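Residue numbers (our numbering): 1 to 268.
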């Protein structure tokens with residue numbers, strides 16, 4: 001597929017807990033798209049003002065300039081792809097690749113951008129002619145998205161919509177193993193802040209909300225099916241009969257078997 005042979009990918013990767021410090025680094029003849037999905041990043045490029053931000057944010061690295069970047073606190077979820085070739089020169093001439101090394105590009109639509117970057121890295125790992133061509137197109141899409149992010153939504157409305165959506169997803173699938181640190185990172189807030197917003201919106205913490213809906217789901221199964229209590233425990237996401245029975249008794253003030261017997265008695 002000769003159409004795509006005017007660009008090559010030098011290095012690429014993703015690290016969800018990146019603590020690497022790039023100090024006074026020079027990139028030898030290639031450009032890089034650096035996407036910090038979550039976590040903090042400090043960036044210093046020669047002739048540019050230093051800046052610090054929390055992801056999601058993009059910056060570009062370029063040849064022959066000195067870069068320093070690192071996470072001032074903790075780690076960062078960092079995806080990157082580096083490239084060079086004649087096609088890259090056309091990117092620069094057309095403005096598709098911004099000639100502003102080290103500039104900060106906030107990402108206001110993190111879901112779309114993250115999906116594009118994940119797909120791009122997946123295509124590069126496959127190492128076939130077809131996937132290489134798709135990777136080039138995805139790189140171009142990522143650069144277009146960088147320059148054309150939607151305006152940020154008002155924080156209060158945005159956060160309430162996010163919490164309501166999360167609460168709805170939990171109520172529909174309480175059996176899933178919910179990772180609230182990940183849910184918070186997708187929307188660039190801390191897990192502590194997520195918990196605070198969730199309590200304000202629902203009156204419960206996220207984990208209590210999950211437990212509440214798992215118990216409700218289990219109660220419905222105890223009433224309407226002949227499933228074994230062990231089977232219900234796993235079906236509802238508790239992972240084991242003992243833990244399920246203990247949590248059920250705390251909330252319902254009776255064991256699952258006592259609950260089922262009482263329901264059967266009332267149905268007679």
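Note that the Cβ used here is the ideal one computed from N, Cα and C, for glycine as well. Only a predicted model underlies this, so the values are computations on that prediction, with no experimental measurement involved.
Identify which residue in the options has its Cα closest to the Cα of residue i.
i	options	result
residue 4	205, 261, 132	132
residue 102	206, 11, 31	31
residue 52	104, 251, 254	104
residue 202	150, 219, 165, 28	165
residue 75	22, 125, 16	16
residue 23	36, 229, 149, 71	71
residue 209	181, 174, 2	174
residue 21	69, 137, 179	69
residue 65	59, 78, 47	47
residue 29	2, 88, 59, 77	88
residue 19	49, 258, 221, 77	77
residue 259	242, 221, 59	221
Which whole-angstrom value describes the C-beta separation of residue i and residue j, a residue pair presumed to lie in contact below a C-beta threshold of 8 Å?
i	j	result
residue 25	residue 67	5 Å
residue 215	residue 251	5 Å
If we ignore side chains and look at the alpha-carbon of each, how far apart do residue i and residue j end up?
i	j	result
residue 73	residue 261	54 Å
residue 42	residue 205	32 Å
residue 148	residue 237	41 Å
residue 108	residue 218	39 Å
residue 187	residue 106	12 Å
residue 123	residue 139	11 Å
residue 90	residue 6	10 Å
residue 190	residue 228	39 Å
residue 98	residue 44	17 Å
residue 40	residue 110	15 Å
residue 223	residue 247	18 Å
residue 57	residue 80	12 Å
residue 197	residue 54	19 Å
residue 151	residue 35	19 Å
residue 100	residue 10	20 Å
residue 163	residue 199	10 Å
residue 13	residue 121	7 Å
residue 255	residue 266	17 Å
residue 264	residue 168	31 Å
residue 242	residue 33	49 Å
residue 244	residue 2	59 Å
residue 59	residue 50	12 Å
residue 235	residue 249	18 Å
residue 183	residue 141	25 Å
residue 211	residue 94	54 Å
residue 125	residue 257	51 Å
Quick one: what's got a C-beta closer than 7 Å to residue i's C-beta in the same chain, skipping five residues either side?
i	result
residue 171	213
residue 160	201
residue 181	191
residue 134	123
residue 240	233
residue 92	99
Note down, in chain order, each residue of its chain lying with its Cβ closer than 6 Å to the Cβ of residue i, except the 5 sequence neighbours on either side.
i	result
residue 130	none
residue 96	143
residue 185	38
residue 27	61, 63
residue 113	107, 145
If you drop the 5 nearest sequence neighbours on each side, which residues of the same chain put their C-beta closer than 8 Å to that of residue i?
i	result
residue 226	none
residue 177	237
residue 195	180, 205, 206
residue 302	This structure cannot speak to residue 302, because the chain is shown only from 1 to 268.
Against chain D, with Cβ distances strictly below 8 Å, would residue i count as a contact?
i	result
residue 14	Looking at the structure shown, chain D is missing, and only one protein chain is on hand.
Is there contact between the stretch 103 to 122 and the stretch 82 to 89, where contact requires at least three CB pairs shorter than 8 Å? no
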